[in-house]
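Protein chains in written order, with my numbering: chain U, 285 to 543; chain E, 2 to 368; chain V, 456 to 764. Please read the structure below before turning to the comments.
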Amino acid sequence: MSKRISVKDLNVFYGDFKAVEDVTLDIAPRSVTAFIGPSGCGKSTFLRTLNRMHEVIPGARVEGDVLLDGDNLYGPGVDPVTVRSRIGMVFQRANPFPTMSIRDNVLAGVKLNNKRISSSDADDLVERSLRGANLWKEVKDRLQKPGSGLSGGQQQRLCIARAIAVEPEVILMDEPCSALDPISTMAIEDLIAELEKDYTVVIVTHNMQQAARVSERTAFFNIAGAGEPGRLIEYSDTTDIFNNPREKSTEDYVSGRFG
Amino acid sequence: MLKVDAKQHQSQLTRNRLPRFALLAVLFPAAIAAAAAATLIGFNVVLWMVFTAVLFVIGAWLITLLVEGSRHAGNRMIRYVVYGAFILALIPLVSVIWTVLERGLPGLTSNFLWTSMSGVTGAVDNRTVAEGTPVLGGAYHAIVGTLQISLVATLISVPIGLMSAIYLVEYGTGGPLSRAITFFVDVMTGIPSIVAGLFAAALFGMVFGPATRTGFVAAVALSVLMIPVVVRSTEEMLRIVPNELREASYALGVRKWRTITKVVIPTAISGIASGVTLAIARVVGETAPILVTAGFATSINWNVFSGWMASLPTFIYYQIRTPTSPTNVEPSDQRAWAAALILILFVMLLNLAARLIARFFAPRTGR
Amino acid sequence: MSTNTLARRGSGRSSDKAFHLATLAAGCLILVVLFSVAAFLLVQSIPAFQAQAEEVTGGAGFWSYIWPIVIGTLIAAAIAMALATPVGIFVALFISHFAPRRLALGFGYLIDLLAAIPSVIYGAWGYIFLAPLLTTAYDWLAANLGWIPVFAGPASQTGRTMLTAGIVLAVMVLPIITALTREIFLQTPKLHEEAALAMGATQWEMIKMAVLPFARPGIISAAMLGLGRALGETMAIALVLSPGALTASLIQSGNQTIAAEIALNFPEAYNLRLSELIAAGLVLFVITLAVNMLARWVISRHKEFSGAN
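Put into structure tokens, the structure is as follows:
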């Protein structure tokens with residue numbers, strides 16, 4: 285169920301301002317790809333264009349193509365809602381629905397779309413998703429409790445479980461650990477390694493060690509100066525990016541000389 | 002030796018500060034002088050207290066001026082003025098509530114709650130006064146009318162107000178239309194209630210012929226007053242729902258309208274419900290619009306779409322202005338204040354309910 | 456493009472559209488209501504403007520019928536504002552800066568209670584309790600300050616005068632002014648306040664330096680919103696005031712306001728009289744509209760105070 289993403293000549297605009305320029309890259313299925321780069325370089329914006337979540341931001345628009353196994357996300361007649369149910373997303377801050385229990389949070393994608401699901405199927409789905417997010421053991425006795433009662437790291441894994449429950453092909457993660465302590469971060473990183481077996485995972489991170497630990501491929505984004513659009517500088521195997529980058533600016537960034 | 006030293010040594014930091022007893026030393030002469038002044042005009046307690054307060058403030062200002070200087074004197078003066086203003090503002094509150102309780106409680110009987118004014122004429126009241134029997138007639142019809150009119154007004158206002166607020170927060174992105182709606186909702190909050198009543202009367206008068214007066218017309222008038230309140234409070238509540246929740250829902254492939262109805266509104270529902278309750282509390286006591294739209298009835302009317310209808314506020318108004326028996330006004334007075342007590346209880350209960358809803362049904366958003 | 460599996464028709468897309476349109480319709484309905492308020496009042500009041508002068512109440516045409524009660528409305532509102540604005544601001548200051556922190560919230564609720572009491576009850580209270588209470592004061596004013604036109608005697612023996620009505624109005628407007636200004640006082644940047652205190656300012660000097668300049672536009676708009684309420688308030692006047700011709704003295708019976716004029720006469724009005732009263736309502740609508748729009752304009756010019764509304 286994992287799929288390949290191909291991005292061709294993608295530009296992202298906020299109104300008249302060009303935020304990301306001319307990105308072309310290929311993301312392999314069943315792999316973890318990390319986006320790194322300094323703040324404001326457009327990596328989060330670019331991530332959002334991979335499931336059309338940028339459309340939530342007023343004035344944001346895209347030129348170019350994003351193909352999911354050959355199907356263009358921006359083709360005519362494509363419904364962003366369909367795109368999002370096939371390409372899930374996990375956000376910087378854990379955002380479980382405060383009005384729902386843990387169980388209902390996991391089932392949110394199914395129930396909010398008013399799909400009929402039998403109680404036993406729902407139980408299966410909840411267990412499968414929570415196991416997939418390494419959370420089942422911790423919460424199986426309190427599925428009816430509100431999700432907001434969990435710790436930050438648990439909430440983030442609940443959000444991952446919620447994303448998995450929709451059975452997407454790709455999971456996008458926008459700095460999923462930036463609000464977490466080191467222990468919770470490790471739990472999420474372990475989980476990402478697990479997810480790789482079934483999904484295409486794309487992760488934006490500020491933490492270069494994290495990128496080095498979890499990803500096979502890394503894309504480095506940079507920005508020439510204030511008011512300039514962000515660009516994809518270098519995209520290759522993670523080991524190459526960190527050990528012998530082709531570009532000077534990549535080397536400067538990964539060696540901590542700026543950013 | 003030590004003790005003497007302590008006495009002689011005055012801290013640099015407490016120099017030129019008034020000791021606390023100095024103010025008491027001002028209060029007593031002020032009270033005595035005030036008593037004297039009040040006696041000159043004709044003594045009464047209120048006058049005495051007012052004079053005492055004035056003289057005390059002036060005296061305290063003077064000695065602060067002499068000891069601590071003009072800056073501290075000014076500060077002290079303002080402090081007293083501010084405290085005085087607060088007490089002044091509480092006087093009418095206490096007085097109104099006291100008046101209503103004192104005059105309303107004797108008339109608050111089960112007979113009053115469960116009978117209407119049907120068949121209660123001036124002659125009945127005259128006999129009651131002459132024979133000293135309990136007052137007949139009650140506000141049942143008015144309570145029924147108020148409940149019906151408020152219910153219908155709520156049924157009209159809540160969907161419109163709620164949907165408009167959703168439009169403003171979720172769909173209108175600062176375009177000219179949403180700016181216009183926001184502006185005119187603000188303007189609408191300032192419409193005098195009597196004008197809202199006139200509008201409903203004029204509207205139904207043109208469509209169904211002049212002098213069309215029913216509970217429904219009154220409900221429309223109240224809706225004009227209620228909608229902006231509902232819009233404003235709902236809007237505020239929707240805006241504090243974190244955007245992250247909307248995004249989380251979109252990222253699951255949920256449609257916008259389902260995101261709004263299943264995620265955004267449930268998260269804000271306690272605030273919305275509380276705002277709606279306050280809006281009801283605001284219109285339930287409105288008198289002027291009902292006066293010009295629902296007419297006045299002395300018997301129970303269960304049909305909001307036909308016939309004149311009584312309500313608690315208009316009942317109070319007519320019982321005071323045009324007593325049932327012009328020669329013996331006491332029974333009407335008693336009925337008016339008992340109705341006022343019921344109305345105040347209604348409003349207070351609604352206010353209390355609003356606060357409780359907001360407190361206890363709020364989702365646990367703690368992270 | 457038929458091979459694009461993403462382009463399959465998603466379910467519920469039309470309900471999304473329908474919901475959007477429903478909310479849009481509700482929003483537009485509000486605009487329609489407001490404009491139809493103006494339109495219906497205008498249409499229904501045309502006969503009063505067109506009528507022969509001698510047919511209108513008072514026998515001298517609509518404008519000479521309306522202007523004394525417009526003046527009366529302004530007088531009542533002016534009394535209310537003169538009393539309520541300073542007290543309201545001081546009460547707001549008390550709650551925001553002087554009251555003990557733990558009690559401030561409770562005091563705020565108390566003042567909000569004032570706003571919760573229905574206007575008809577204020578009217579009844581003014582009529583039965585306050586008016587008789589004030590007769591002695593009015594006698595004294597007439598005797599000692601009678602040379603000032605507004606206190607010219609003989610004082611009303613029922614106390615049902617413009618001044619009483621104005622006081623009742625002030626009580627009703629006070630919580631509005633207090634609630635709005637309190638919000639703004641609380642928004643004063645803590646840094647400014649602490650900067651003033653650190654310079655050795657007394658509390659009042661700090662308020663003069665940091666709080667009041669910050670809150671000025673908010674105070675102005677709060678007062679104007681209160682004014683809008685005072686202009687349109689009906690029941691307090693209708694019950695308290697014993698109406699009559701326009702007079703300068705505030706302690707005699709006399710004068711009338713638009714809102715009370717409508718409330719008192721509407722139930723028995725028909726034909727031209729009805730149209731006159733609706734025209735009076737239109738005049739009131741225009742006055743309050745102007746005041747409110749001005750207030751909103753002041754607020755919107757100082758967007759940072761938008762927490763006030």
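Idealized CB from N, CA, C, for every residue including glycine.
> Can you list, in chain order, the residues of its chain whose CB lies under 7 angstroms from that of residue 751 of chain V, leaving out five sequence neighbours each side?
Replying inline: Start at 1 with the first residue of the third sequence, and residue 751 of chain V comes out as number 296. Excluding positions up to five away in sequence, the list is empty.
>> Residues of chain U with CB closer than 9 angstroms to the CB of residue 468 of chain V, please, in chain order.
In response: By 1-based counting over the third sequence, the position of residue 468 of chain V is 13. Those are 363, 365, listed as they occur along chain U.
> residue 352 of chain U touches chain V at which residues, Cβ-Cβ below 8 angstroms?
Replying inline: As a working note, residue 352 of chain U is residue 68 in the first sequence. Residues of chain V whose Cβ lies closer than 8 angstroms to the Cβ of residue 352 of chain U are, in chain order, 461.
> Could you give the residue range of the alpha helix (DSSP H) that holds residue 130 of chain E?
Replying inline: On the second sequence, residue 130 of chain E is found 129 positions in, with the first residue counted as 1. Its alpha helix (DSSP H) spans residues 123-132.
>> So, at 8 angstroms on beta carbons, what are the nonlocal neighbours of residue 611 of chain V in its own chain, with the 5 sequence-adjacent residues on each side left out?
In response: The residue you call residue 611 of chain V lines up with position 156 of the third sequence. Only 590, 593, 697, 706, 707, 708 meet the Cβ criterion.
> What is the DSSP secondary structure of residue 353 of chain U, counted as helix, strand or coil?
Replying inline: Looking up residue 353 of chain U in the first sequence gives position 69. Here residue 353 of chain U sits in coil by DSSP.
> So which of V/557, V/628, V/555 has the shortest CA-CA distance to residue 686 of chain V?
Replying inline: Taking the first residue of the third sequence as 1, we reach residue 686 of chain V at position 231. Measuring from the Cα of residue 686 of chain V, the nearest candidate turns out to be V/628.
>> Please tell me whether, using a cut-off of 7 angstroms, the distance from the CB of residue 301 of chain U to the nearest non-hydrogen atom of the ligand NAP is below it.
In response: Annotation note on the ligand NAP: not contained in the displayed structure, which lists no ligands.
> In chain V, which residues lie with their C-beta within 8 angstroms of the C-beta of residue 357 of chain U?
Replying inline: Working through the first sequence from its first residue, we reach residue 357 of chain U at position 73. Per Cβ cutoff of 8 angstroms: 461.
> So who's on the other strand from residue 516 of chain U, going by DSSP bridges?
Replying inline: Translated into the one-based positions of the first sequence, residue 516 of chain U becomes position 232. Under DSSP, the beta-bridge partners assigned to residue 516 of chain U are U/505.
> If we count the other Cβ atoms within 10 Å of its Cβ and call it buried at 16 or more, is residue 521 of chain U buried or exposed?
Replying inline: Numbered from its first residue, the first sequence carries residue 521 of chain U at position 237. By the 16-neighbour rule on beta-carbons within 10 angstroms, residue 521 of chain U is exposed.
> Is the CB of residue 660 of chain V under 8 angstroms away from at least one CB in chain E?
Replying inline: Sequence index remark: in the third sequence, residue 660 of chain V carries index 205 (1-based). Yes, residue 660 of chain V counts as interfacial toward chain E.
>> Using C-beta distances below 7 angstroms, list every residue in its chain close to residue 515 of chain V, excluding the 5 sequence neighbours before and after it, in chain order.
In response: Residue 515 of chain V sits at position 60 when you count from the first residue of the third sequence. The answer, listed in chain order, is 508.
>> Based on DSSP bridge pairs, tell me the residues matched to residue 297 of chain U.
In response: One-based indexing of the first sequence puts residue 297 of chain U at position 13. According to DSSP, which records beta bridges pairwise, residue 297 of chain U is partnered with U/302, U/345.
>> Quick check: the Cα distance between residue 240 of chain E and residue 625 of chain V, rounded to an integer number of angstroms?
In response: Residue numbering aside, residue 240 of chain E sits at position 239 when the second sequence is read from its first letter. Residue numbering aside, residue 625 of chain V sits at position 170 when the third sequence is read from its first letter. Across the structure, residue 240 of chain E and residue 625 of chain V are spaced so that their CA atoms are roughly 34 angstroms apart.
>> With three or more beta-carbon pairs closer than 8 angstroms as the criterion, would you say the stretch 357-373 of chain U touches the stretch 450-462 of chain U?
In response: Under the Cβ criterion (8 angstroms, minimum of three pairs), the stretch 357-373 of chain U counts as touching the stretch 450-462 of chain U.
> Taking Cβ positions, are residue 384 of chain U and residue 248 of chain E nearer each other than 8 angstroms?
Replying inline: As a first step, residue 384 of chain U must be located in the first sequence, where it is residue number 100. As a first step, residue 248 of chain E must be located in the second sequence, where it is residue number 247. Here residue 384 of chain U is not near residue 248 of chain E, since their CB atoms are 8 angstroms or more apart.
>> Under 8 angstroms, Cβ to Cβ, is there at least one residue of chain E near residue 470 of chain U?
In response: Within the first sequence, residue 470 of chain U is the residue found at index 186, counting from 1. Not an interface residue.
>> Alpha carbons only, please: which of V/731, V/679, V/657 is nearest the one belonging to residue 79 of chain E?
In response: For the purposes of this step, residue 79 of chain E is taken as residue 78 along the second sequence, with counting starting at 1. Comparing Cα positions, the closest option is V/657.
>> Checking 8 angstroms against the spacing of the C-beta atoms, do residue 200 of chain E and residue 496 of chain V come in under that value?
In response: By 1-based counting over the second sequence, the position of residue 200 of chain E is 199. By 1-based counting over the third sequence, the position of residue 496 of chain V is 41. Residue 496 of chain V is positioned such that its CB atom lies closer than 8 angstroms to that of residue 200 of chain E.
>> Looking at the strands, I want to know which residues DSSP matches up with residue 372 of chain U.
In response: In the first sequence, counting from the first residue as 1, residue 372 of chain U sits at position 88. Answer is U/455.
> What do you get for residue 21 of chain E, buried or exposed, if any count of 16 or more other CB atoms within 10 angstroms of its CB means buried?
Replying inline: For this step, residue 21 of chain E is matched to residue 20 along the second sequence. Of the residues assessed, residue 21 of chain E falls on the exposed side of the cut-off, its CB having fewer than 16 other CB atoms within 10 angstroms.
> Straight-line CA distance for residue 37 of chain E to residue 746 of chain V?
Replying inline: Along the second sequence, one-based indexing puts residue 37 of chain E at 36. Along the third sequence, one-based indexing puts residue 746 of chain V at 291. One C-alpha to the other measures close to 47 angstroms.
> So which residues on chain E does residue 460 of chain U lean against when the C-beta distance must stay under 8 angstroms?
Replying inline: The residue labelled residue 460 of chain U in the question sits at position 176 within the first sequence. Taking a Cβ-Cβ cut-off of 8 angstroms, residue 460 of chain U has no neighbours in chain E, whose nearest Cβ is about 13 angstroms from it.
> Taking Cβ to Cβ, would you say residue 576 of chain V is nearer than 8 angstroms to residue 101 of chain E?
Replying inline: Residue 576 of chain V sits at position 121 when you count from the first residue of the third sequence. Residue 101 of chain E sits at position 100 when you count from the first residue of the second sequence. Going by C-beta atoms, residue 576 of chain V is nearer than 8 angstroms to residue 101 of chain E.
>> Based on DSSP bridge pairs, tell me the residues matched to residue 290 of chain U.
In response: Your numbering for residue 290 of chain U matches position 6 in the first sequence. Residue 290 of chain U is bridged to U/310, U/351.
> With a cut-off of 8 angstroms, does the C-beta of residue 593 of chain V fall near any C-beta of chain E?
Replying inline: Counted from its first residue, the third sequence places residue 593 of chain V at position 138. Residue 593 of chain V does not count as touching chain E.
> Quick one, are the C-beta atoms of residue 461 of chain U and residue 444 of chain U less than 8 angstroms apart?
Replying inline: Position 177 of the first sequence, counted from the start, is the residue given in the question as residue 461 of chain U. Position 160 of the first sequence, counted from the start, is the residue given in the question as residue 444 of chain U. No. Outside cutoff.
> Would you say the stretch 218-236 of chain E touches the stretch 341-361 of chain U, given that touching needs at least three Cβ pairs under 8 angstroms?
Replying inline: No, because fewer than three Cβ pairs between the stretch 218-236 of chain E and the stretch 341-361 of chain U fall closer than 8 angstroms, the two stretches do not touch.
>> Quick check on the DSSP output: the alpha helix (DSSP H) that includes residue 268 of chain U runs from which residue to which?
In response: Not covered by the structure: residue 268 of chain U. The range shown for chain U is 285 to 543.
> Terminal residues of the continuous beta strand (DSSP E) containing residue 566 of chain V?
Replying inline: The count along the third sequence starts at 1 and reaches residue 566 of chain V at position 111. From DSSP, residue 566 of chain V is part of no beta strand (DSSP E) but of the alpha helix (DSSP H) over 556-571.
>> For residue 286 of chain U and residue 335 of chain U, what's the separation of their Cα atoms in angstroms?
In response: If you number the first sequence from 1, residue 286 of chain U lands on position 2. If you number the first sequence from 1, residue 335 of chain U lands on position 51. Their backbone Cα atoms lie some 15 angstroms apart in a straight line.
>> Looking at the secondary structure, which residues open and close the alpha helix (DSSP H) in which residue 316 of chain U lies?
In response: What you label residue 316 of chain U is simply residue 32 of the first sequence in a count that begins at 1. For residue 316 of chain U, no alpha helix (DSSP H) segment is defined; the enclosing uninterrupted segment is the beta strand (DSSP E) at 316-320.
>> DSSP has residue 465 of chain U in a bridge; who is on the other side?
In response: On the first sequence, position 181 is the one that residue 465 of chain U refers to. In the DSSP assignment, residue 465 of chain U forms no beta bridge with any residue.
>> Going by the DSSP bridge assignment, what does residue 385 of chain U pair with across the sheet?
In response: By 1-based counting over the first sequence, the position of residue 385 of chain U is 101. For residue 385 of chain U, which the question treats as bridged, DSSP gives the partners U/430.
>> Going by DSSP in three states, residue 594 of chain V sits in which element: helix, strand or coil?
In response: As a first step, residue 594 of chain V is located in the third sequence; it is residue number 139 there, counting from the start. For residue 594 of chain V, the secondary structure class from DSSP, reduced to helix, strand or coil, is helix.
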